[in-house]
Amino acid sequence: MPDYNNIVRAMFFISLFGYARVLENGLVRTPPMGWMSWGYYMCGTDCEQNPDKCLDEKLILSVADTFYNEGYQEAGFEYIIIDDCWSEHHRDKDGRLVPDRLRFPNGMKYIADYIHSRNLKFGMYTNVADVTCMRYPGSKGHFKVDADTFAQWGVDYLKVDGCFVGEQYLNNAYIHFGGYLNKTNRPMVYSCSWPYYIEFIHNRKPDYPTISKHCNLWRNYHDVVTSWSAVKNIIQHYEDEYSGLEKYHGPGHWNDPDMLIFGTDSLTEAQSKIHISVYAMLSAPLLLSCDMTRVKGYEKNLLLNLDLMAIAQDPLGIMARPYRIDYITLWVKPRMPRKGDIYPSYSFALVNVSGQKRTITVRPSNYGLNCTDGYSVMDIFSKRFLKNITFEDSIDVTVPSEDVILYTLFPL
Ligand code: GLA
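Numbering follows our numbering, with no gaps: position 355 of the sequence shown is 355.
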């Protein structure tokens, strides 16, 4: 006669264990920063006809050299990620993915070793379907072998896409693939496109509590393209969806608005300031995608502005809250350092995307600032101390058309 009590007890523990099987890889306690190939190089496979957009070994190593030699690494740029179109069209006889023999002649371990020798990190890409979005071999039916292969190659970050599959499959596949990544014992940042496909392809509500337990970051909006209107739409989406997204955002688990479009000649200087300021205020991943030799002087100054990167990499990882005031969006972000472990510093970004300059009056006490000793105000772009204020003072700020003012207020 079976012992039903024991069976019930065992089932209880199995379900508990299953429920508790979440991503605890300790990675990306601050949002990842780096470079990813897709935005600019896309499926750059025709290296003879189009050498300027060639996705190959030389390109990836050159990004590592630029990060290492030109100050990007010190500013926090770390992950170098090869997106789609890196493989041969067929797996090898053991079912393993094979890097394109012409463009990656030394294989991926060689690239990983080079990147690691520069103390940087290496990322790659796959899809949960049979094929990737550009129809290279995908990981369906190969989760274990692919997770093991990426681990053996020394991959530190894996972007996993979700084209061409149904809703139920997505919901299971991301959890299972993540399980295989964990089982390799190599810590790999797990970047999921899961909620994007659930919301925009299958028209359902993403299950963010589950997604944020299983993924380190996740795409939740359309692909960025190299235009100001694409960036504006993404920023507007985060403004509109703030309350649904901020609760799942924090150390180890991040909403991902997609890559920066610096270095692609798409934005004016002021638009570039808005792009990077809002992403920093969101604590969004900062992934460049461009020919690094084409980054303009003013773009580089922004990327290497350590006061700005300190906002992006703040250890609290709080997504700034947007307030709409007339034509301006004021983004408010509590951040470190905290005075006496009680009073946080705050960064304020005033963004004006309208066609005219606007002046507004900001009273810090309206946004939760309450340090009775007051605050010291610093301008992040000029890197200048502006003035000290009490928390009940008001500051008048004029923001030019399509521009941003970015201040940090440190408690005195
Ligand atoms: C999807 C993703 C992009 C990129 C391409 C590659 O569109 O959203 O970021 O990875 O696939 O094919």
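For each residue, glycine too, the CB sits at the ideal point set by N, CA and C.
Buried or exposed for residue i, please, with buried defined as at least 16 other CB atoms from any protein chain shown within 10 angstroms of its CB.
i	result
Phe-262	buried
Gln-356	exposed
Asp-396	exposed
Ala-401	In the sequence as presented, Ala is not what sits at residue 401; that position holds Ser. Result: exposed.
Gln-313	buried
Thr-268	exposed
Gly-138	buried
Phe-385	exposed
Asn-220	buried
Asp-56	buried
Leu-306	exposed
Asp-84	buried
Asp-403	buried
Ile-311	buried
Pro-105	exposed
Tyr-244	Looking at the sequence itself, residue 244 is Gly, so the reference to Tyr does not match. Exposed, by the Cβ-count rule.
Pro-425	Look at the range of the chain in this structure, 1 to 412, and you will see that residue 425 is not part of it.
Between the beta-carbon of residue i and the beta-carbon of residue j, is there less than 9 Å?
i	j	result
Thr-132	Phe-150	no
Ala-129	Val-165	yes
Ile-82	Met-134	no
Ser-193	Asp-161	yes
Ala-75	Leu-316	no
Leu-217	Met-188	no
Met-309	Met-36	no
Leu-330	Ala-349	yes
Lys-121	Tyr-174	no
Val-332	Arg-321	yes
Gly-252	Arg-29	yes
Pro-31	Pro-285	yes
His-222	Asp-256	no
Lys-247	Tyr-208	yes
Ser-283	Ile-318	yes
Arg-294	Asp-326	no
Cys-163	Arg-103	no
Gln-152	Lys-109	yes
Ile-380	Thr-398	no
Ser-376	Leu-412	yes
Glu-167	His-202	yes
Tyr-298	Ser-272	yes
What is the rounded straight-line gap between the Cα of residue i and the Cα of residue j?
i	j	result
Asn-69	Val-63	10 Å
Met-378	Glu-392	17 Å
Ser-347	Leu-406	7 Å
His-89	Arg-101	11 Å
Leu-260	Ser-266	11 Å
Ser-394	Val-362	5 Å
Asp-113	Asn-352	45 Å
Ile-274	Tyr-40	20 Å
Met-281	Tyr-72	19 Å
Ile-60	Leu-27	23 Å
Tyr-279	Ser-117	29 Å
Phe-177	Ala-147	8 Å
Asp-94	Val-145	9 Å
Leu-170	Lys-387	52 Å
Ile-198	Cys-371	43 Å
Tyr-422	Tyr-136	Nothing about residue 422 can be read from this structure; the chain reaches only from 1 to 412.
Ile-235	Lys-339	31 Å
Phe-410	Tyr-367	14 Å
Ala-270	Met-336	26 Å
Thr-66	Ile-115	11 Å
Asn-25	Asn-182	8 Å
Lys-58	Trp-38	16 Å
Leu-302	Gly-141	44 Å
Ala-20	Cys-215	Confidence at Ala-20 is low in this model, with a pLDDT of 39, below 50, so the placement of that residue is unreliable and no value is reported for it.
Thr-264	Asp-373	45 Å
By DSSP's criteria, residue i is part of a beta bridge. Which residues make up the other side?
i	result
Ala-349	Trp-331, Leu-406
Asp-396	Thr-361
Thr-126	Val-160
His-217	A small fix is needed here, since residue 217 is Leu in this sequence, not His. Paired residues: Ser-191, Trp-254.
Val-377	Lys-387, Leu-409
Gly-34	Tyr-79, Leu-287
Lys-339	Tyr-343
Lys-121	Tyr-79
Val-131	Pro-137
Hey, is residue i's beta-carbon within less than 9 Å of any beta-carbon in chain C?
i	result
Gly-34	The structure shown contains no chain C; it holds only a single protein chain.
Does the ligand MG have a heavy atom nearer than 8 Å to the CB of residue i?
i	result
Ser-376	The ligand MG is not among the ligands present in this structure, which contains only the ligand GLA.
Let me know the alpha helix (DSSP H) ranges lying completely inside the stretch 138-210, each 4 residues or longer, listed in chain order. 143-153, 167-183
Starting from the N-terminal side, write out each stretch of the alpha helix (DSSP H) that is 4 residues or longer and does not extend beyond the stretch 262-325. 269-282, 297-303, 306-312
Whole alpha helix (DSSP H) runs in the stretch 56-102 with 4 or more residues, listed along the chain? 57-69, 72-75
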